[in-house]
Structure formats: structure tokens, C-alpha cells
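**Q**
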């Protein structure tokens with residue numbers, strides 16, 4: 534069989550996904566996930582050094598704070614998985630959801646991964662695989678909405694985020710400059726909101742590859758409960774389509 538790297542794959546061929554390894558592939562060729570793609574351009578976080586400085590300022594040892602942060606991160610991950618799973622179950626149970634005043638079907642098992650994306654009917658799709666064979670990338674958005682308006686097939690993307698906080702600006706150094714992402718994204722602030730912008734833009738890039746017109750993208754943030762807000766409501770944030778930056782990333786890793 535001809536090596537998958539030497540052929541042009543039909544865009545309708547779905548990627549395989551190994552849930553245990555969080556690994557996408559086609560015919561043995563590994564694909565880079567959307568989150569892994571963005572992570573390649575994020576500056577590494579020096580946890581030991583930060584913990585050391587934090588201990589000097591707040592007391593205790595660096596090891597103590599590292600353990601505290603690890604425990605907090607694990608609890609946050611469990612909470613995040615619960616919110617994602619609950620939202621998916623609620624949507625599938627309702628079978629109908631509203632988007633921009635349109636009532637849309639929530640498609641579960643009736644539409645399979647083998648059905649070409651562009652042939653799939655309008656509606657809501659949760660945790661469905663996306664891919665781009667040309668750049669060997671893949672991923673799964675929490676929620677893809679397909680909606681035809683005036684014979685134009687639009688794709689919209691929504692993603693749930695459960696961080697304790699969303700940072701719209703990166704760390705500011707004493708000279709006033711901001712921490713920026715690695716080249717060629719040196720013009721993008723290195724903070725979680727901009728990482729999410731790039732992640733969702735990668736999903737939209739893959740949907741555009743499938744033949745859809747880019748629609749809206751939205752982050753739905755679930756704030757952590759606090760004394761002031763014991764039951765905070767989800768907050769929606771619009772996301773810009775950073776197509777130019779997605780192209781920069783995929784071309785960089787495929788040099």
C-alpha cells in the first residue's frame with residue numbers, strides 16, 4: 534500500500550481516534566490535535582521556579598505549593614469533565630436545541646462519522662471528529678452547529694471552558710511588555726483566552742476545509758462558585774476567526 538504521506542486523501546475519509554491515548558491517525562500516520570497544535574507555540578511554564586518564588590513570598594515550601602496546585606488542577610479537571618459530559622447528555626436528551634432563534638435537531642447516532650461532513654443535515658453535533666488531511670491535524674469541538682441560510686451552509690462552533698479564570702491579557706513584565714507566544718505567533722499574547730481563540734479557529738479551519746462557510750465561534754465559560762456567587766451562570770464570549778494564524782501554525786509544523 535502506498536505510504537499515506539505520499540498520497541492526497543479524500544477529505545471525506547475520517548480520522549481514527551484512540552481515546553485512551555488521545556491520538557488521531559490515518560493509516561498509521563499520526564495527526565496533531567488542535568490543542569496539541571496550539572501548545573507547540575506556548576512558552577513552557579516553569580512550575581518549580583514559580584513555586585520557589587511563591588514560597589518565598591507566601592511561606593511554606595515550594596514542594597508544598599506544587600502539591601497544592603496539582604490537587605487543585607485535578608479537582609478542576611474532574612469538574613470540567615463533569616460539565617462537558619453533562620452538557621452533552623442534556624443536549625442528546627432534549628433532541629432539539631435553539632441557535633439564533635432556529636430550532637435544530639441534535640444529531641446523535643443517526644449521523645455516523647463516515648457520513649461526509651458537507652452531506653450532513655443542519656443541526657447540532659457534539660464531540661464529532663474534525664480533520665484536515667493536507668496539514669495532518671484533527672480535533673473535536675464540544676459543539677458544531679450547521680445551519681443553512683439563503684442556500685449558504687454555515688458552520689458555527691461553541692466550546693465549553695471551565696477554568697477558574699480567563700486571562701485576556703498575558704503576563705506583563707516590568708518594562709511594560711507582555712509575554713508573547715513563540716514564533717511565528719510572536720504577535721499573539723501568551724494567555725489562555727488567546728490559546729482558546731487559536732484552538733477554536735483551528736476547528737473552524739477544518740470545517741472550512743470540509744466546504745462550510747465560517748460562522749460564529751463562542752467560548753462558553755463556566756465560572757467557579759465563590760462566596761459572592763455560589764451559583765454563577767455560564768458566560769458567553771465571542772471568538773475571532775484567526776485563520777491567518779492557524780495557517781502560520783500548520784505551515785510551520787509541516788515544513
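Residue numbers (my numbering): 534 to 788. Glycine is no exception: its CB is placed at the ideal position from the N, C-alpha and C atoms.
With a threshold of 8 Å, are at least 3 pairs of Cβ atoms found where one atom belongs to the region 659 to 677 and the other to the region 619 to 638?
**A** yes
**Q** Within 8 Å, do at least three Cβ pairs link the region 752 to 765 to the region 735 to 744?
**A** no
**Q** On a Cα-Cα basis, can you pick out the residue from 645, 543, 716 that is closest to residue 799?
**A** Given a span of 534 to 788 for the chain in the structure shown, any question on residue 799 remains unanswerable.
**Q** Just verifying my parser: in three-state terms, what is the DSSP assignment at residue 588?
**A** helix
**Q** So, with DSSP's three-state summary, where would you put residue 697?
**A** Of the three classes helix, strand and coil, the one that applies to residue 697 here is coil, per DSSP.
**Q** If you draw a straight line from the C-alpha of residue 604 to the C-alpha of residue 610, how long is it?
**A** 10 Å
**Q** Following the continuous beta strand (DSSP E) through residue 632, name the residue where it begins and the one where it ends.
**A** 629 to 632
**Q** In angstroms, rounded to a whole number, what distance separates the CA positions of residue 547 and residue 588?
**A** 49 Å
**Q** Looking only at C-alpha atoms, which of 782, 625, 552 sits nearest to residue 670?
**A** 782
**Q** Within its chain, find whatever has a CB closer than 6 Å to the CB of residue 704; leave out the 5 residues flanking it on each side and keep chain order.
**A** 712
**Q** Which ranges does the beta strand (DSSP E) cover as unbroken runs of at least 3 residues, wholly within the region 685 to 758, from first to last along the chain?
**A** 685 to 694, 746 to 754
**Q** Round the Cβ separation of residue 748 and residue 689 to the nearest angstrom and send it over; I've been treating them as touching at under 8 Å.
**A** Contact between residue 748 and residue 689 holds: CB atoms are separated by about 4 Å, below the 8 Å threshold.
**Q** Give me the Cα-Cα distance between residue 694 and residue 771, rounded to the nearest whole angstrom.
**A** 13 Å
**Q** Where does residue 595 fall in DSSP's three states?
**A** Looking at residue 595 - three-state DSSP - the assignment turns out to be helix.
**Q** Taking a contact to mean a Cβ-Cβ separation below 7 Å, would you say residue 638 touches residue 656 in this structure?
**A** yes
**Q** Straight-line CA distance for residue 773 to residue 593?
**A** 42 Å
**Q** Alpha helix (DSSP H) containing residue 569: first to last residue?
**A** 567 to 572
**Q** With DSSP as the reference, please indicate the residues paired to residue 650 in a beta bridge.
**A** Answer by DSSP bridge pairing: none, since residue 650 is not bridged.
**Q** Along the beta strand (DSSP E) that carries residue 662, what are the first and last residues, could you check?
**A** 656 to 665
**Q** Could you tell me whether any non-hydrogen atom of the ligand ZN is closer than 6 Å to the CB of residue 654?
**A** This structure lacks the ligand ZN, and indeed carries no ligand of any kind.
**Q** Please return the same chain residues whose Cβ sits closer than 8 Å to the Cβ of residue 516, not counting the five positions on each side in sequence.
**A** Nothing about residue 516 can be read from this structure; the chain reaches only from 534 to 788.
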